Structure formats: structure tokens, C-alpha cells
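Taken in sequence, the protein lines are chains A and B. When we follow the numbering used here, the leftmost residue of the first sequence carries the number 1016, and every step to the right adds one. When we follow the numbering used here, the leftmost residue of the second sequence carries the number 1016, and every step to the right adds one. Following: one structure in C-alpha cells, then a few remarks.
Number of protein chains: 2
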Amino acid sequence: MAHTKTPTESGTVFSTTLSRLRKEILTGAIGPGEKLRLDQLRTTYDVSFSPLREAISRLVSEGLVLQAADQRGFQVAPVSADNLREVTLLRKSLEVIALQRSIQHGDDAWETEVVSSMHHLSKFKSRNPAKMDDIDEAWEGWHRKFHTALIGACRLPVLLQFCDTLYDLSDRYRRNFLQFRHVPRDVQSEHSAIAEAALNRNAELACRLMEEHIELTATMILAVLPTELR
Amino acid sequence: MAHTKTPTESGTVFSTTLSRLRKEILTGAIGPGEKLRLDQLRTTYDVSFSPLREAISRLVSEGLVLQAADQRGFQVAPVSADNLREVTLLRKSLEVIALQRSIQHGDDAWETEVVSSMHHLSKFKSRNPAKMDDIDEAWEGWHRKFHTALIGACRLPVLLQFCDTLYDLSDRYRRNFLQFRHVPRDVQSEHSAIAEAALNRNAELACRLMEEHIELTATMILAVLPTELR
DNA sequence: TAATAAAATAATATCGATAAATAGAAAATC
DNA sequence: GATTTTCTATTTATCGATATTATTTTATTA
């Protein structure tokens, strides 16, 4: 079978499989606690075991997948209020460190990135519940870019890695439990306030706003989290 | 070939390969920046590609191995003063959070673990430079157990994972650059002071001592780090 | 009928082989 | 002589098959 590669997909089988798996877990297409059946995934993704297992193995380090005991495979990490609280606590602690340094070191390129991602994000007036899928995916992309841009100039690559992991871990909660609900909140203003403070090099304010932003999201998720998970 | 399994080795091929690789990188048996030749490792460890690559993939997430561009394999993460400074900064930030909570929540089992690992560690009067290998490996084991025990009761599993990763990352510097040097320092006293403060539930003191302990080690490594790495 | 054991089934972990890509060496060109 | 090009050798990434382990089903016994 001549494998006809989709032009948009590039890189190795491993990396595309990793992205695909991560996305399915973040969106909830593969739900919390769900068992990962290797043979089924292998068929669905049309790949062999090696790159599939390699991808899953990465997600284990990231905490999105749990490795059961030997010979008993993998499962998507379960969700719980405790886990969300921990992830939120860590995200606040680490993003504040990163943001503070980023504001300190940020150069022109950094400002450009912040302004640009902020601009793209602000173009989504209201997240139209009609044609959700496409728009949502785009919004999610820019939202992540925005948060990444803000802390991107901190010059601490290991920390950025941690922040990225924590973003994924909390993102899963938001996308699984907050997606289709009406939230009484002006996220747009929160974002622009953070961006403004950052660009004005007001580190203290920016960090405080960021903490509040992260905390508020977590609070809203906790409020709607099924009781059996609390 | 009937694969005769060594009785001491247990678990999957993957997990033993992961441990072995990690150890070789931490000790410097495979040095910083060194390329990982898959076929050579495969022969040395007598395993096949799948579990080998899976193990390497994990080490990439941990930051001990770098994945080069597609199709260009892996290399052990290089060392640099900047990286050591970052890892030190993060270790201090995160271990303090963990230690503070651990002191807050620690129960009898926690106290026992701390006392026990402290005791074992203190039995190594001076690290005899003669029969280094065996003694050093044992000391390294208890040293890690001690640090793990201190923060073990924090009830933040994700944080513990981060701390473990950071311990590895800084441990590599210590074992590669400080091992055979005489250090003008009473590490034993530092450890017992931290343990005492923790058991007395004096979180503030314990955290301060821990920060100093981590910082001091880093300072000494930086002092002897080859100039081209600074 | 409940509990246990045996057999069948399904899933995982690992292997050895193949295909694809890169890096290095030799030849050709300017 | 330096630079580019082609060919070869090495190395990586991926595959499909096999062996091992867990789970479910069926049969057996108390």
C-alpha cells in the first residue's frame, strides 16, 4: 500500500501520532480514565506499534496518560478535584515566575508576539455556539499561543516545558467541563488587562492578574465538576 | 535463544532499559552531548528497538536526552552554566512548596521515613575515595531517598514528579563534576539540620535551610565547571 | 448452586526485518 | 584548488509477526 501522505501532516509518524493522541485526550474524544486499546488505536491511526507506544510513553511523562502495572497497558489519566487544584496551584506558582522574568527580559520580538496573539484572540467576538468545532479549535490555538507568548521571553526553557505540560493538564478540564456552558465572565478583558500590564512592564500587576485569571477558571470548573469527582 | 533472565532484574524490558540508561547518563558513563547510537545500545543492552526507543522517549520528556531533528536521532542533553542555574532556581522554588506542605501534612509514617533515611545516610562517615563505586552508589541511593522522604507527604503528586525530574537534572551535574573532588563542607550537618527543622514542624526554617543546601551545591559546581561551559 | 479450575480468547510487550533518510567518501566539474 | 554532485555506507524510523501475560468463558467439583 503506497502510503499517500496528507500534505498538511508532516514530520514523523511518531510526532503526528503524538499530536493526534494528545488532541483527542484534551478534547475528551478519549475520555478521562478510558483505557487505551493499542490494537484499536493502531488500526484507527493506521500506524504500527512502535511509534504508537512511543507517543503514549511521552504522554505518560506529561501526566495525561497513566501506565498501569506491567503488561496491563495504559489509561487516560482520571480527573478529580484534587488533581485540578494541584495543577492550578502549580500553574499559578510557575507561570508567575516565568511571567515576571519574561517581562524583565522581553525584547521587541516578544512584544510583537504578545500583541499579535492578543490581536488574533480578540477577533473572536463571542464564541459562537453554532459552528463550534472549527472556531473553537482556532480559538484554542490562539489562546494557547497567547499564554505561551506572554512567558516566552523568560529564558528558562525547562520552566517553559513545565508550564506547557501544566497548560495541557488544566486545559483538559476546561475543554471537558466548561466548553459548552455559558460563563458569566469577560475573558477577553482579562486577557487584554494582562497583556497591557505585561507590555507596560508592570510585572507585579501582570502576575497578580495572571494568578487571578488562572484561579478563576479553576473555580468555575470546580463549581460544575460532577459531585462524585469532588 | 532462551533468554535467561537475571533474577535481580524484574519488570519489563522497557523499565529496566529506562533505569539503566538513566543511570548511565546520571553517572556520566554516557557523557553530556554524546550521541545515542541506537544500534550500539541495542547490542549492549541486548534488547530490541521498541523498548529502547520507548525508554529514550521518556528521557526526552525528562530533559536528560534531546531529540534532534527528524531522522537524526537523539543525544544526551548538553550541560551549561545557564541550564544548571535554571534547574537550581526551579528546584529551590518547587522543593520549598513541597516541603512546606509536607511538614504541614506529614504523619507518623512520614516522620519514620525521614528519620530512617536520615539514619542510613548518616552511617556513611566519610565518603571513602578508595572503594568509591559501591559506597557511592549506596550513598546516592540514600541521599535521594532522604530528599524524597522530606517532601513525600505534600499530597501533590504532580509536584513530586517535577521535583524528581529536577533532582535528576541537577544530580547529573553533581555526579559529573563534583564526585571526586574534596568539598570543604559538612553535608551531613546540613542534612540533619533540615531533618530536625522538618520534624519540629518548623516549616520556615526547614525551607530556608533547604534552599541554602540546594544553592550551595550549585555554587560549588559552578565554581569548578569548565570555563567553556560558562 | 457457589466456588474453583481449565481452556479459550484477547491484549500487551517484544522482537527481527525492512524501508527511508542522512552523513560521509569519492568522483566530477568549474 | 575549491565546490558541487553522485554514490555508498551507516543510521534511524517504521512495520508486521511472535511470544508472553492478563482476562473472560466454560467446565468441573464440592
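Glycine included, every Cβ here is placed at the ideal spot set by N, Cα and C. Nothing here was measured: the structure is a model prediction, and the numbers come from that model.
Classify residue i: buried if its beta carbon has 16 or more other beta carbons within 10 angstroms, exposed otherwise.
{"i": "A:VAL1239", "result": "exposed"}
{"i": "B:THR1103", "result": "buried"}
{"i": "A:HIS1158", "result": "buried"}
{"i": "A:SER1076", "result": "buried"}
{"i": "A:ARG1087", "result": "exposed"}
{"i": "A:ASN1098", "result": "buried"}
{"i": "B:ALA1092", "result": "buried"}
{"i": "A:THR1019", "result": "For A:THR1019, the pLDDT reaches just 31, beneath the cut-off of 50, and the residue's location in the model is therefore unreliable, leaving the point undetermined."}
{"i": "A:GLU1024", "result": "Any reading at A:GLU1024 needs caution, since the residue's pLDDT is 42, under 50, leaving its predicted position unreliable; the model's value is listed next. Exposed is the call here."}
{"i": "B:ALA1233", "result": "buried"}
{"i": "B:ASP1151", "result": "buried"}
Any idea what DSSP makes of residue i, helix, strand or coil?
{"i": "B:GLN1203", "result": "helix"}
{"i": "B:LYS1138", "result": "coil"}
{"i": "B:GLN1086", "result": "coil"}
{"i": "B:VAL1130", "result": "helix"}
{"i": "B:VAL1075", "result": "helix"}
{"i": "B:VAL1062", "result": "coil"}
{"i": "A:LEU1053", "result": "helix"}
{"i": "A:VAL1080", "result": "strand"}
{"i": "B:VAL984", "result": "What is shown of chain B runs 1016 to 1245, which leaves residue 984 of chain B out entirely."}
{"i": "B:GLN1194", "result": "coil"}
{"i": "A:ASP1122", "result": "coil"}
{"i": "A:LEU1067", "result": "helix"}
{"i": "A:CYS1178", "result": "helix"}
{"i": "A:THR1103", "result": "helix"}
{"i": "B:PRO1241", "result": "coil"}
{"i": "A:ILE1236", "result": "helix"}
{"i": "A:ASP1216", "result": "First, the residue type needs correcting, since residue 1216 of chain A is Arg and not Asp in the sequence shown. The answer is coil: DSSP assigns A:ARG1216 none of H, G, I, E or B."}
{"i": "A:CYS1222", "result": "helix"}
{"i": "B:ARG1035", "result": "helix"}
{"i": "B:ALA1044", "result": "coil"}
{"i": "A:GLY1156", "result": "helix"}
{"i": "B:LEU1184", "result": "helix"}
{"i": "B:LEU1171", "result": "coil"}
Considering only their Cβ atoms, is the gap separating residue j from residue i smaller than 8 angstroms?
{"i": "A:LEU1033", "j": "A:ASP1186", "result": "no"}
{"i": "B:ILE1229", "j": "A:SER1108", "result": "no"}
{"i": "B:MET1235", "j": "B:ILE1209", "result": "no"}
{"i": "B:GLN1090", "j": "B:GLY1048", "result": "yes"}
{"i": "A:LEU1074", "j": "A:ARG1035", "result": "no"}
{"i": "B:SER1095", "j": "B:LEU1193", "result": "no"}
{"i": "B:GLU1069", "j": "A:ARG1052", "result": "no"}
{"i": "B:GLY1078", "j": "B:ARG1190", "result": "no"}
{"i": "A:LEU1171", "j": "B:GLU1101", "result": "yes"}
{"i": "B:LEU1136", "j": "B:PHE1161", "result": "yes"}
{"i": "A:SER1132", "j": "B:SER1072", "result": "no"}
{"i": "A:TRP1125", "j": "A:GLY1167", "result": "yes"}
Nearest to residue i by CA position, among the options, is which residue?
{"i": "B:HIS1206", "options": "B:GLU1101, B:ALA1221, B:VAL1091", "result": "B:ALA1221"}
{"i": "A:PRO1199", "options": "A:LEU1231, A:ALA1213, A:VAL1094", "result": "A:LEU1231"}
{"i": "B:LEU1105", "options": "B:THR1180, B:SER1131, B:THR1242", "result": "B:THR1180"}
{"i": "B:ALA1164", "options": "B:LEU1056, B:GLY1121, B:THR1031", "result": "B:GLY1121"}
{"i": "B:ALA1212", "options": "B:LEU1067, B:ILE1118, B:TYR1060", "result": "B:ILE1118"}
{"i": "A:VAL1080", "options": "A:SER1065, A:GLU1039, A:SER1030", "result": "A:GLU1039"}
{"i": "A:THR1027", "options": "A:LEU1171, A:GLN1055, A:ILE1045, A:SER1065", "result": "A:SER1065"}
{"i": "B:PHE1139", "options": "B:ASP1123, B:TYR1182, B:ASP1201, B:ASP1183", "result": "B:ASP1201"}
{"i": "A:CYS1169", "options": "A:GLU1155, A:LEU1056, A:ALA1218, A:HIS1134", "result": "A:ALA1218"}
{"i": "B:GLN1176", "options": "B:HIS1134, B:GLU1110, B:LEU1214", "result": "B:GLU1110"}
{"i": "A:TRP1154", "options": "A:GLN1203, A:ARG1216, A:TYR1060, A:PHE1029", "result": "A:GLN1203"}
{"i": "B:VAL1062", "options": "B:PHE1029, B:PRO1241, B:TRP1125, B:ALA1124", "result": "B:PHE1029"}
{"i": "A:TYR1060", "options": "A:GLY1046, A:THR1031, A:ARG1216", "result": "A:THR1031"}
{"i": "B:ASP1123", "options": "B:GLN1055, B:ASP1151, B:ASN1215, B:ASP1148", "result": "B:ASN1215"}
{"i": "A:GLY1046", "options": "A:ARG1057, A:THR1058, A:TYR1188, A:ALA1083", "result": "A:TYR1188"}
{"i": "A:ALA1084", "options": "A:VAL1130, A:HIS1134, A:PRO1241, A:LYS1050", "result": "A:LYS1050"}
Note down, in chain order, every chain B residue with its Cβ under 7 angstroms from the Cβ of residue i.
{"i": "A:PHE1177", "result": "PHE1177"}
{"i": "A:ILE1112", "result": "SER1108"}
{"i": "A:VAL1102", "result": "VAL1173"}
Name the chain B residues that come within less than 8 angstroms of residue i, Cβ to Cβ?
{"i": "A:GLY1078", "result": "VAL1173, GLN1176"}
Which residues in chain A sit within 8 angstroms of residue i, going by Cβ to Cβ distance?
{"i": "B:ARG1068", "result": "SER1065, GLU1069"}
{"i": "B:TRP1057", "result": "According to the sequence provided, residue 1057 of chain B is Arg. The question's Trp does not apply to it. Chain A residues near B:ARG1057: none, gap ~13 angstroms exceeds 8 angstroms."}
Starting from residue i, find everything on chain A with Cβ-Cβ shorter than 9 angstroms and list it in chain order.
{"i": "B:GLY1026", "result": "ASP1085"}
{"i": "B:ARG1245", "result": "Residues of chain A passing the Cβ test: none, with the nearest at roughly 16 angstroms."}
{"i": "B:LEU1105", "result": "LEU1109, ILE1112, LEU1171, VAL1173, LEU1174, PHE1177"}
{"i": "B:ARG1073", "result": "SER1072, ARG1073, VAL1075, SER1076"}
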